[in-house]
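Numbering-wise, the sequence shown is residues 18 to 367 according to this note's numbering.
We treat Cβ as the ideally placed atom computed from N, Cα and C, and that holds for glycine.
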Amino acid sequence: MKTIAVYVSAYPCNSAEPSAGTQLALQKVKQLATEYDQVYVFSFCRYALPPEQGFPSNVLASDIRIGRWHTLLSQILFPLHPLGVAVRMVAIRSAGLSKIPNPDLVYGDFTQSFGCVPTRWTSKAEVRIHDTVRELYGRQSRSGSIPRRLIGLIESLRWRWYEPFVWRSARAVHCLTDREAEAVSTSRGSSTGVLVERPIPSYVCRTRTAASVVKGRLIFWGNLARPENSLAVEYFLENLWPAIKKAVPTAEFRVVGANPPQALLARASDGVSFTGFVDDPAVEFEKAHLSVAPLTFGAGIKIKVLETAFSGIPTICTQVAADGIWDDVPNVIVAGDDRAFVKECVARLS
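Spelled out as structure tokens, the structure:
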């Protein structure tokens, strides 16, 4: 009998989207394609992407475009659900998910995907959580502008009930960190069905050498379409970079990653530059003296930190950026506050 898996990702599952989460998603789909006769893939995006060409022949993929009207309708139909869940529950309705023959597995990537799973399939549903979402919005509610804080507060309250509901409902929960697994096990009342999958960085530079490094060059690595990344760069430029540049006048800062917002591009100067999307990260990783991860909010393990650290680049992190990273990862230096962050950078650049 033909075996069927349904894979639902809350974010793009497309190699045209240069994020670490997307790379994990692509890895998972290819794994499922070796285990099941047919795999149906549903993923969400807010802008048009070219069809994914790298899937095996037994994978049928659908990219679901989220529009403004989905957002408006979601708040009418599902006012108590987190916005990221509700909008996908609306968008999935036209995608034909419910017409698929009875699947053997329903796999949701990111907690936000679970609302798309029909109730009748819950007993076959597994979910991979990439972070504790209520923590992400909890941090947002305590920093930034008043509207941003208000959104963070509302969403953290919504996630406070929805996240444990997902953890208890799924047949199995796959976690990326031990801390998340502990939280899920406590919520479920048992560690049964709770699995820890340490993520493997999708990119590691093997060609960085002492001779290739440009002394004094710092990089930030990440998709700048994500607000935690663009705000981290903004915070670094505003609060940390001036002191570093003053102590090490020859230092330069390169922001490496796709989709830099216009407001950040306007901050470019003689010592600050933006690469935009890079086809081959090795071009930048080989020359990096240091990598910085000055994140001020977010939750879950940061794959971008693993990628620079495993590439041999000393990576200076805030506590938020280092969240969930296990102790034996090399080249990760955690700075407890702004002064310590600057001190760590200067000491290694001098």
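Query	Result
Among Ser286, Ala22 and Thr292, nearest to Asp121 - alpha-carbon criterion	Ala22
Residues near Thr20 by beta carbon distance below 7 Å, same chain, minus five either side	Tyr53, Asp54 and Asp121
6 Å CB neighbourhood of Pro181 in its chain, flanking five on each side removed	Ser204
Bridge-paired residues (DSSP) for Phe127	Bridge partners of Phe127: none, in fact.
Boundaries (first-last residue) of the alpha helix (DSSP H) holding Tyr24	Tyr24 -> not in any alpha helix (DSSP H); beta strand (DSSP E) instead, spanning Ile21 to Ser26.
DSSP state of Ala285 mapped onto helix, strand, coil	coil
Unbroken alpha helix (DSSP H) run spanning Leu235, endpoints	Segment Arg234 to Trp238 is the beta strand (DSSP E) holding Leu235; no alpha helix (DSSP H) there.
Test item: CB-CB of Ala103 and Phe61 under 8 Å	no
Span of the beta strand (DSSP E) around Arg82	Val76 to Arg82
is_contact[Leu153, chain C] using C-beta, thresh 8 Å	Judged by its chain identifiers, the structure shown contains no chain C, having just a single protein chain.
Beta-carbon spacing of Asn31, Leu66 below 8 Å	yes
Secondary structure of Thr17, DSSP reduced to three states	The shown model of the chain, from 18 to 367, leaves out residue 17, and the question about it has no answer.
Best match in Cys192, Arg151 and Glu34 for proximity to Val144 [C-alpha to C-alpha]	Cys192
Option in Glu199, Gly293 and Ile320 with minimal Cα separation from Leu211	One point to set straight first is that residue 211 is Val, not Leu, in the sequence displayed. The candidate whose alpha carbon is nearest that of Val211 is Glu199.
Exposure label - Arg156; buried when at least 16 CB within 10 Å	buried
Assigned exposure category for Glu255 - 16 Cβ within 10 Å defines buried	exposed
Bridge partner(s) assigned by DSSP for His191	Arg145 and Leu212
Lys321 classed as buried or exposed, judged by whether at least 16 other C-beta atoms fall within 10 angstroms	buried
Endpoints, beta strand (DSSP E) assigned at Leu53	Reading off the sequence, residue 53 comes out as Tyr, not Leu. Unbroken run through Tyr53: none, as it is neither H nor E.
Through-space distance from Gly113 to Arg271, alpha-carbon basis	44 Å
Segment contact flag, the segment 320-338 with the segment 304-312, C-beta cutoff 8 Å, min 3 pairs	yes
Extent of the continuous beta strand (DSSP E) to which Phe270 belongs	Glu269 to Val273
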